[in-house]
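The letter at position 717 of the sequence shown is residue 716 when you use numbering that gives the first Met the number 0, and the numbering goes up by one with no holes.
A virtual CB, placed ideally from N, CA and C, is assigned to each residue, including glycine.
All values derive from a computational prediction rather than experimental measurement.
Okay, structure first, notes after.
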Amino acid sequence: MKAFFISALVLMMFASVQAQQNQRYEIVNKKIKLLPEGKDFYEKNLPAVVDNSTEMYFPPVYSQTHWVCNQVSASYYMMTYENCRIKNLSAYNPYRWFSVYVPWNWCHGGEGWFGGHVTGSFNIAKSCGMPFMYQSQADIDRDSSIWITGYDNYYDFMHNRIKDYYYIDVKDEDGLMALKAWVYDHARDEHPGGLATFMTNIGSGGDNHLPSGTPEEGFYVITLCGDNPLHSRTVVGYNDNVCWDYNGDGQYTNNIDLNGDDIIDVRDWEKGGFKLAESFGPDWQGHGGFLYIMYKCIVDDFPNGGILNNEMAVIEPLIGYEPLLTAKVNLNHESRGNIKISIGVSKNVNAIEPDVELDFPILNYQGGNKYMLGGTSEADKTMEVGFDITPLLDYIDPGVPCRFFVVGRELDPNNSYTGSIQGFTIYRHQSCPPDEISWTGNMAFNSAVIHAPLTVTVNFDRPEITTEALPVFNENTAFNYYMNGTGGSLPYTWHLEAIFDTTMSAYSFDYFDDIKLTPDTYFDGAVAYTIPFEFPFNGKLITEIRISTDGYIMADSSQYPWPYIHPFLDDFFRMEKIIGPHMRYSFTTNPDYNDGIWVKEFSDHVSLRWNVSQEYLEPWTDCNFGVNLWQNGKIEFFYGPQYYNKSATGLAGISYGDNLNYGLIAKSEMIGSNKIVAFTQYPVLPQLQLSSTGILSGTLSLDQPYPVRMVLTDNNGRFVKKDFQLITGIEKETQQKIRLFPNPATENLRIQIPDNEVIGEIQLFDIKGSRLPLQDIISGSDHANMNISHLSNGVYTIKIITSANTYNKQFIKQ
């Protein structure tokens, strides 16, 4: 029987791999979109009815006790279903149900007063793993405070992962079809299809039952959504035939303009809806705890009848994952909500703090004012936790000693609580059983940052990008160029990533008060503002922004912030288009303390200034900071005096809202007073594409080098990044006669041009496209000798302007 199970699992995983080769969608900015051939296929082949809740992989309908709807959707329904589907196991077995209360207890505020967004659960499943219900006393007792202890438990959970989560925009018929395709066959010939989750509430008059004499008659149906989207539901299927008579004409049509916009689209449909699983038990509203929501509700704008942001979230399971490097941390504390634990590393074995830190969605100022395990006994103060720190391998060299750190932060300015880090162990899983290196001690938290070090050598295989430089591509001519890599585990995945360059300098804070945007009353929220010019942001021109009292700008004012960001800003920051000079939950403006948000407009930029206080601590807190938005796309953060209670995680940075392209300049501890930080952004050019298999393509015209960052990820999730210069030029016969030699070069570089041309000017650019000064250059009429010994090793571009042409050539300094 065991041999049969293994064979069946192998066959299922093989079938999954084969299905993904037939993938009919692309992922752009973490959003799934059908390819043209996918649209054509599903227009012809989607069945009228799909119901994945009848599959043996779907668990029984859950009956929630607390505000755990997001966790029911994310882990109990979606993870259980996908895990059982891949392994061909029945979800009727309670030992295969994933936990609700473990992610709930990490994501709520300690007392269960507010929920945690579904992405909080997804990120725990992605970076830490998820336990099964039977392994969680919190699930057994339905207790909102219990945390699990024991490294072996956490190591076990690390194997229960998701690869990632994605979104489907369902704001039009194309998005609706993409969601139906996902539900039908994961949009790639993989049956049965998948599940999805979304957030909404039911608008006034929007709770109904499907009419008698129509398909699925008597089922509870949502026909209108409200403006307070605080509840998650799970899409389990769809039915094109369910009906609701919106205009009361006694007919069920999809071809009458119901909303009077002179367009017939999904917003006018009276037929079709998605089947949902609730979390109120199988007896809720009859029909086993299932209901429908009309297609029209999915596509209508939020908050005018539609779901939050017209977005559906889906997951990709990760089966067979094995961590390569893990850590165990032993600690105790009297108030877990006041501490944060992260793991970092430095290549310097004498370092006193890490160069890179790995944050986790657990032990991150969470759980409220309770002992570590949630109880009240002395033993509840102590906890042993495990972390998968395999991602840190991307920042060290194989076989070379480096220094790891457990980093502890405490936000306890009044020294009200005691606690310490008592042990730190690194496990190297390259052998079986894994070997370990340990530190033991008693390093007390001290309302600042503490580091417990451990010197370790790790042998592992990681990928490397072997392409040295990109060629000069012909201007306005389509090209395909194959990137090369080696090492790691096949297959590889490639992608492009934006580059954010920053410089910091001194600044005298300007308390300008030209135009006040906030009211002269207590205010905690966001205000709309129209920039008096088109501001370039991630390849788009924007004018409408929303400015929050919590220290950030939403660069896409059509989106509504996720409702549960307290006080965990990381997910929110990465998944929304954010310009955030000082993001921190619970900032307010109180005019009694000179608070407000002001704008000062110039011909080429606008300046926004915050003077905010922390909610409930207005007399003792005062933060001054701002941002300059320049017409050329430059962004500057500037900082004045700051006095705040660090009881919530803060951050500063810019995000393009796809969980991939963002730049952070500060986490937790913010930039000091009288500083200005200037950002130079290099977003991924929309004309440039890098396929997942490493084919760079596009049609470009660039007047100067443009930096691009390639990211190569292997099958184990290990990645390497490398920056290149992107250059275009006009191909001429004489182009081949331009010579740079030797190439690579160490001390001197000779430039040779055709005999019938004369050198006019030479320009030198680094990998970021920044122009560099020339040193010790000797020019003749048709050649030049240049000293390059002062340059760092890398790839450079020479722009040669002659009496007849302009040429771009590359060389390697080594």
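Own chain residues within Cβ distance below 6 Å of residue i, not counting five before or after
| i | result |
| --- | --- |
| residue 437 | 424 |
| residue 348 | 400, 402, 454 |
| residue 21 | 187, 188 |
| residue 792 | 812, 813 |
| residue 767 | 706 |
| residue 339 | 363, 364, 408 |
| residue 89 | 55 |
| residue 216 | 209 |
Where residue i falls: helix, strand or coil (DSSP)
| i | result |
| --- | --- |
| residue 837 | As shown, the chain starts at 0 and ends at 813. That puts residue 837 outside it, with no answer to give. |
| residue 104 | helix |
| residue 767 | coil |
| residue 343 | strand |
| residue 287 | helix |
| residue 124 | helix |
| residue 29 | coil |
| residue 473 | strand |
| residue 726 | strand |
| residue 94 | helix |
| residue 429 | coil |
| residue 305 | coil |
| residue 459 | coil |
| residue 762 | strand |
| residue 187 | coil |
| residue 80 | helix |
| residue 23 | coil |
| residue 633 | coil |
| residue 799 | strand |
| residue 510 | coil |
| residue 50 | strand |
| residue 499 | strand |
| residue 413 | coil |
| residue 114 | coil |
| residue 836 | Because the chain in this structure spans residues 0 to 813, residue 836 falls outside the shown range and cannot be described. |
| residue 194 | coil |
Residues near residue i by beta carbon distance below 8 Å, same chain, minus five either side
| i | result |
| --- | --- |
| residue 262 | 256 |
| residue 491 | 462, 484, 692, 693, 711, 712, 713, 714 |
| residue 157 | 127, 128, 320, 322, 325, 385, 387 |
| residue 761 | 750, 773, 776, 778, 783, 785, 797, 798, 799, 800 |
Straight-line Cα distance separating residue j from residue i
| i | j | result |
| --- | --- | --- |
| residue 71 | residue 798 | 59 Å |
| residue 77 | residue 800 | 60 Å |
| residue 756 | residue 738 | 14 Å |
| residue 776 | residue 679 | 30 Å |
| residue 555 | residue 372 | 40 Å |
| residue 35 | residue 42 | 11 Å |
| residue 733 | residue 808 | Confidence at residue 733 is low in this model, with a pLDDT of 42, below 50, so its placement is unreliable and no value can be given for it. |
| residue 588 | residue 650 | 19 Å |
| residue 498 | residue 251 | 52 Å |
| residue 616 | residue 671 | 21 Å |
| residue 406 | residue 334 | 17 Å |
| residue 116 | residue 570 | 9 Å |
| residue 311 | residue 553 | 20 Å |
| residue 201 | residue 274 | 15 Å |
| residue 603 | residue 118 | 38 Å |
| residue 277 | residue 81 | 18 Å |
| residue 212 | residue 284 | 19 Å |
| residue 66 | residue 228 | 13 Å |
| residue 503 | residue 752 | 41 Å |
| residue 817 | residue 590 | Since the first residue of the chain shown is 0 and the last is 813, residue 817 is not available in this structure. |
| residue 527 | residue 597 | 12 Å |
Cβ neighbours of residue i in the same chain (closer than 7 Å, five flanking residues each side left out)
| i | result |
| --- | --- |
| residue 74 | 97, 98, 99, 102, 120, 124, 129 |
Every unbroken beta strand (DSSP E) inside the stretch 674-709 [3 residues or more]:
674-681, 687-689, 694-697
Quick check on the DSSP output: what are the complete alpha helix (DSSP H) runs of length 4 or more inside the stretch 518-598, in order along the chain?
Correct list: 568-574.
Counting beta carbon pairs with one atom in the stretch 132-150 and one in the stretch 160-173, are three or more of them shorter than 8 Å?
Result no; under three Cβ-Cβ pairs closer than 8 Å.
Three or more C-beta pairs closer than 8 Å, one from the stretch 172-180 and one from the stretch 143-161: is that the case here?
no
Could you tell me whether the stretch 656-665 touches the stretch 516-524, using the rule of 3 or more Cβ pairs below 8 Å?
no
Assess contact between the stretch 357-375 and the stretch 104-121, defined as three or more Cβ pairs (one per stretch) separated by less than 8 Å. Is contact present?
yes
Extract the residue ranges of the alpha helix (DSSP H) inside the stretch 140-179, only unbroken runs of 4 or more that lie entirely within it.
Listed in chain order, they are 150-156.
If contact is defined by three or more beta carbon pairs under 8 Å, each pair taking one atom from either stretch, is the stretch 215-226 in contact with the stretch 300-319?
yes
Taking contact to mean at least 3 C-beta pairs separated by less than 8 Å, is the stretch 56-63 in contact with the stretch 196-210?
Segments in contact, no.
With three or more C-beta pairs closer than 8 Å as the rule, is the stretch 721-730 touching the stretch 462-477?
yes
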